[in-house]
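Report on one structure; see the data block that follows.
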Amino acid sequence: MKTTNMNRTFKKLMALAAPASAALLLFATVASAHVTVLPKESATGAWETYTMKVPVEKDVNTNKVVLKMPEGVEFQQYEPIPGWTTTVDESAGTVTWEAEGDGIAAGEFQRFTFVAKNPATEGEAAWDAFQYYTDGSIVEWTGDENADTPHSITTIGAAAGETAANAHGQTVSTDDAAVSDPAEAPADESTTETAEETTEADAATTEPAADASAVSEPTEVAADAPSDAPAQTNNVLLYVTLALSIVAIGLSGAALASRKRK
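FYI, in mature numbering (1 follows the signal peptide of the UniProt record, and there is no 0) the residues of the sequence shown are -33 to -1, 1 to 229.
What follows is the structure, given as structure tokens:
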């Protein structure tokens, strides 16, 4: 009886907990479905490759996304995406991606990759994004970190060794920029002298040594007589062991035959 009551109570608790768990999971999913721009950290003056991730948090499709460049950030290039038209408005400092077809469906996300030049000064780059839905609604991702629709932030700081990036997106250290052409590098006198000494030493080693011909033919090397002794010793031990084994087998057979007769 007690077991039946416990089972009923457990089922009631599970029935109440299921909707609460589903609601909590849905809230967590919606709360984390923000428009984000990565990386979160970059270097001053670098030509950084950024990626904006746009998830859909509604039951309708997203068909357009507008991203505004942060102050001091210069838009350079974008990666074309099949099915999307990209428009750059330099005067407004915005980049617009508009779907030619259905766009991003519910439960899906799309990545938009572009290259931008970071400002020369350290600070935070706030990415304001505007997400358009097919039902006419617009979600403005322009709030601070405590807002329901926060904008993504990239921290711009000086990298180790005061590194910067060139127009090809390659990171270059300012410490290595002093010597870019090997022909322009000053000659090191000590290195030159060392090279000359090494050349002379190599020339000397090319001359055949007078004593080198003493042992040039294998036939002239004296045979090592004691080297055959271990092999002979091993053969003798093998024969002795074999003989003792035969004698032992014979004695065992004789003893067994004697017992049977008795």
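Built from N, CA and C at the ideal position, the CB exists for glycine as well.
- Cβ contact annotation for Leu223 (same chain, cutoff 8 Å, sequence separation greater than five): none.
- Ile48 carries a coil assignment under DSSP once its states are collapsed to helix, strand and coil.
- In the three-state DSSP reduction, Val214 falls in the helix class (H, G or I).
- Note: Gly124 is bridge-paired with Ala10 in the DSSP secondary-structure output.
- For Asp95, the enclosing beta strand (DSSP E) covers residues Gly90 to Tyr100.
- Proximity of the stretch 99 to 114 to the stretch 23 to 38 meets the contact definition, three or more beta-carbon pairs being nearer than 8 Å.
- The criterion of a C-beta distance shorter than 8 Å is not satisfied by Phe42 and Phe79.
- Contact between Ala83 and Ile120 does not hold, since the beta-carbon distance rounds to 14 Å and is not under 8 Å.
- In the displayed model, Ala83 falls within a strand according to three-state DSSP.
- Contact between the stretch 105 to 123 and the stretch 48 to 59 is not established, with fewer than three Cβ pairs separated by less than 8 Å.
- For the options Ala10, Val21, Ile71 and Lys35, the alpha carbon positioned closest to that of Val55 is the one of Lys35.
- By the 16-neighbour rule on beta-carbons within 10 angstroms, Gln44 is exposed.
- In this structure, the CA atom of Thr63 is about 23 Å from the CA atom of Asp115.
- For Glu65, the enclosing beta strand (DSSP E) begins and ends at Thr61 to Ala66.
- Excluding its 5 nearest sequence neighbours in each direction, Pro117 has C-beta neighbours in its own chain below 8 Å: His1, Trp108, Gly110 and Asp111, listed in chain order.
- In the three-state reduction of the DSSP assignment, Val2 falls in the coil class.
- By the beta-carbon neighbour count (other beta carbons within 10 angstroms, threshold 16), Ala72 is exposed.
- Just measuring C-alpha positions, the residue of Thr122, Phe76 and Ala210 sitting nearest Glu38 is Thr122.
- Shown here, Thr109 sits in coil according to DSSP, grouped into three states, outside any helix or strand.
- Per DSSP, Lys25 is not a residue of any beta strand (DSSP E), being assigned neither H nor E.
- Contact annotation, Tyr17 with Val32: C-beta distance approximately 14 Å; criterion of less than 8 Å not satisfied.
- When the beta-carbon positions are compared, Lys7 and Phe76 stay at least 8 Å from each other.
- Annotated three-state conformation of Thr54 is strand, per DSSP.
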